[in-house]
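Below is one structure, written out as C-alpha cells, with a few remarks after it.
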Amino acid sequence: MSRIQSSPAALRGSVGALGGFAIVTLLTFVGLMAITFFIGRVIPIDPVLSVVGDRATQEQYDAARVAMGLDRPLAVQFLAYVGDVFQGNLGHSVSTNRPVAEDLARVFPATLEMATLGIIIGVGMGVPLGVWAAARQGTWIDHLIRVFALLGYSVPAFWLGLVGLVVFYAGLGWVSGPGRVDIFYEGVVEPRSGLMLVDSALAGDWDVFWNALDHLILPATILGFFSLAYIARMTRSFMLDQLGQEYITTARVKGVAEWRVIWTHGFRPIRVPLITVIGLSYAALLEGSVMIETVFSWPGIGNYLTVALLNADMNAVLGATLVIGAVFILINKLSDVLYRMLDPRSR
Amino acid sequence: MTTMTDWLLDDSPTSRVQASLGRGYRMIRLLMRNPLAVIGAVILLTLIFAAVFAPWIAPHSPLGQNLSQRLLPPSSTHWMGTDELGRDIFSRVIYGARITLMIVALVAVIAAPLGLLIGAVSGYFGGWTDKVLMGVTDVFLSMPKLILALAFVAALGPGIENAIIAIAITSWPAYARIARAETLTFRNAEFISAMRLLGASHARIITGHVLPLCTSSMIVRVTLDMAGIILTAAGLGFLGLGAQPPLPEWGAMISRGRAFILDQWWVATMPGFAIIVVSLGFCFLGDGLRDVLDPKQGGKS
C-alpha cells in the first residue's frame, strides 16, 4: 500500500480528488441547508405563529415577523440562514431554552459513542459472516446467514430494543437498563470528550467505566446488528466476485490451502470496497440511533430530536436534522474519496 | 391445459398479447423455483387477503373497548392477548394490514413514477438537464432518509397522510438514479434513433419507449425498498408522528404497549412480529424478482 502511494502521480491524483471532493461536499451542504430552510420557513403556513403563539397581539406578531426577517425576499432569507449556520447559530430551542448549537454539542458525543461501538460490533461480526457465507455458497450455512442478514432489513429497531430490554435486562439481568450510567454514577466523571467510556478511563474511575459499558452494550449491539446485515451481504457479494476469478482457480490448482485462498487471495482485494460499505453503515448508524435512543432513553442527538419533534420545537428539529445530515454527508463523501485514493484502478 | 401452456410458451407468438403473457408465464415459472421467493409471495398474498377480508377474519372489533378484558395474555379467545383498553390485539393486527398495505401502495405510486420520470428525462436529454436533475437527486440521496422524513413530518404535522408524503419525498431519488443508469444504456440505441427519424416527439419516445424499458429494474428496486418503507412508517407511528390512535397501525400499537412491556410483553411484541413477517416477505420476493428480472445482479447478494 505504501509503495503505491509514494509515487508522485498518485499523490497529484489524490490532491485533485480532494479538491473535487471539497467542492461536491460544499454543494451538498448547501443543498442540505436549502432543504432544512424549505422545511422550516416555506412548508409551515405561518412560521411566525408557531413562534409567538395564537394569543399574540398584532404588534407582537409584526415585531416577531420583522425580527425573524420574514418581510425580506426568500433568497435574502436563505442567504441569511446560510450565514447563521456557518457562524454556528442554529437558533434558540423553545423546550430547553438554550441555543440549539449548544444543546447539540452536549448530546452529540453520546450518539457518537453508541454508533462507534455499534459499527465495531457490526464489522467484527458482519465481515467474517459474509466471508463464511461466500466460502460456503449454496449450503445451509449460506442460507442461514442470508436469512439472518435479511432480518436486519425487516426488524424494526425500536421493537428489537424493547424485546432486548425485556429479555436481557428484565428477564436475564445480564445488562443495565435505560440511560448512560446508573443514577448514583451520574456526574461523577468530569466530561472531557463527552464519551463516557473515554472520560471514565482517563479519570481512572473503573467503576463508572464498567457501569457505562454495561449500559452501552445492549443498545450498541442492537444498533450493530443493523449494520451487520448490510456489511455481511456486501462482503458476501464482493467475495463471490473474487472467488469466481481465474487467479483463485490457479491458486487452488497450485494446492494453496483453502483458508489462504479465501483470506489472502480472496479477501485482500475486497478490503478497499469494504471501506465504502463500512463508511456508509457508520453514517446509517448515526441515523438509526434515533429509534434506539428513544427506546433506551439514551441522552443523544436522536433522543433530543424526538423530544423536540413532540414539542413542535422547530429550531431544535432543524438544527438536529442539519447536524445529522452534515455528519452523514461528510462520512459518505470521505469514504468515497478514500475509496478513490486507495483503489489503484481509479488512478 | 397442455394447449394453454403450449400457446404461452410458443417460440413464435402471433400477437403482442401472446408474447407478453408468455414472458410473464416464464418469469412466474422461474420465480416458483426459488423457495424464498415463493414464501415471500405467499406472505404478500396473505397480507392482501387479510387487508381485503379483515371484517370477516378478525374475531373481534379492532376498536371495541372492553375494560373488563384489559391486558389479558394470549389465549384461545384472544390469540395475541388484549391491550390496555381490552381490545383484541389479533383483530387489530389484521385491520392494521389495511394501513400497512395502503402506506406501501401509496408510497410506491407516488415515488416510483416520480423517480422514473426524473431519471429517464435526465438520462435521455443529458447535458445540463442531466447535471441539474442529478445534482438535486444526489443531494437528496446523500441525506439520511429517516431524519429527513422526520423533519418533513414535523413541518407538515403528524398524521398518516403526511407520513406517506414524507416517506415518498425521501424515496424517489434512488429510483431516479436507477432509471437514469438504465436510460443511459440505450439512449443511443438504434430503435431510439429510428423513432426520432420517424418524427416522434421527445415526450412520446420517453413515455412509449424509454420508460417501459426501465420498469423491470424499477419493480425489483421498489419491492426491495418496501421493507424499509414499512419500517420507516412504523417508526413514525412509534414516535407518534404517523397514524394516530385509535387507528390500529402496527408501529403505534408497539408504542402504546411500551408502557406495559415488562409485565404484559404481548401488547408491544405481537404487532412487531407482523411487521417482521411482512417486511421479510417483501425482501424474499424482491430478491427472487431480482434473480429473474435482472440476471446481471442475480445470485450474488
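Line by line, the protein sequences give chains A and B.
Each residue of the first sequence is one higher than the one before, counting from 1 in the numbering used here.
Each residue of the second sequence is one higher than the one before, counting from 1001 in the numbering used here.
Just so it is clear, CB atoms sit at the ideal spot from N, CA and C, and this is done for glycine as well.
As the structure is a computational prediction, the values presented were derived from the model and not from experiment.
For Ile39/A, the chain B residues whose Cβ falls inside 7 Å of its Cβ are Ala1151, Phe1152, Ala1155, in order along the chain. Under the three-state reduction of DSSP, His92/A is assigned to strand. DSSP places Thr1082/B within a strand segment (E or B) once states are collapsed to three. Pro99/A is bridged by DSSP to His92/A. The beta carbon of Thr1170/B does not come within 8 Å of any beta carbon belonging to chain A, so the residue lies off that interface. With at least 16 other beta carbons inside 10 angstroms of its own, Asn1162/B counts as buried. Contacts with chain A (Cβ-Cβ distance below 9 Å) from the stretch 1231 to 1260 of chain B involve Leu1231, Ala1234, Gly1235, Phe1238, Leu1239, Gly1240, Leu1241, Trp1250, Gly1251, Ile1254, Ser1255, Gly1257, Arg1258, listed in chain order. For Asp182/A, the secondary structure class from DSSP, reduced to helix, strand or coil, is coil.
Counting other Cβ atoms within 10 Å of its Cβ, Asn332/A reaches 16 or more and is therefore classed as buried. Annotation: Cβ neighbours of Ala170/A in chain B (cutoff 7 Å, chain order): Leu1262. DSSP, read as helix, strand or coil, puts Asp1287/B in helix. Within chain B, Ser1142, Met1143, Pro1144, Ile1147 have C-beta atoms less than 9 Å from the C-beta of Phe328/A, given in sequence order.
Interface criterion met: the Cβ of Ala1268/B is under 8 Å from a Cβ in chain A. Considering only beta carbons, no part of the stretch 1102 to 1130 of chain B lies closer than 8 Å to chain A. Closest option to Leu1036/B, judged by alpha-carbon separation, among Leu243/A, Leu150/A, Ser289/A, Lys254/A: Leu150/A. Between the alpha carbons of Asp84/A and Phe37/A lies a gap of roughly 12 Å. By a beta-carbon distance limit of 8 Å, Ala115/A does not contact Ser335/A. Their separation comes to about 15 Å. Three or more beta-carbon pairs drawn from the stretch 162 to 181 of chain A and the stretch 215 to 225 of chain A are found closer than 8 Å, and the two stretches are therefore classed as touching.
In terms of beta-carbon proximity, Met291/A lines the interface with chain B, with at least one pair separated by less than 8 Å. Distance between Gly1086/B and Leu1030/B, taken at the CA atoms: about 47 Å. Residue-level contact by beta carbon fails for Glu246/A and chain B, as no gap is shorter than 8 Å.
Comparing alpha carbon positions, the residue from Val1052/B, Gly1208/B, Ala1120/B closest to Ala1097/B is Val1052/B.
One Cα belongs to Gly325/A, the other to Met314/A, and the distance between them is close to 16 Å.
Counting of Cβ neighbours within 10 angstroms places Ala1203/B among the exposed residues, the total staying below 16. Chain-ordered, the chain A residues with CB closer than 8 Å to the CB of Ala1227/B read Tyr153, Ser154. Annotation: Cβ neighbours of Ile1275/B in chain A (cutoff 9 Å, chain order): Ser154, Val155, Pro156, Trp159. Short of 7 Å from the beta carbon of Thr1082/B, and not among the five residues preceding or following it, lie these beta carbons of its own chain, in chain order: Gln1069, Arg1070, Leu1071, Leu1072, Asp1088, Ile1089. Taking a Cβ-Cβ threshold of 7 Å, none of the residues of chain A is close to Leu1285/B; the smallest such distance is about 11 Å.
In this structure, the beta-carbon distance from Val295/A to Phe108/A does not fall below 8 Å. Excluding sequence positions up to five before and after Gly19/A, its CB lies less than 8 Å from no other CB in the same chain.
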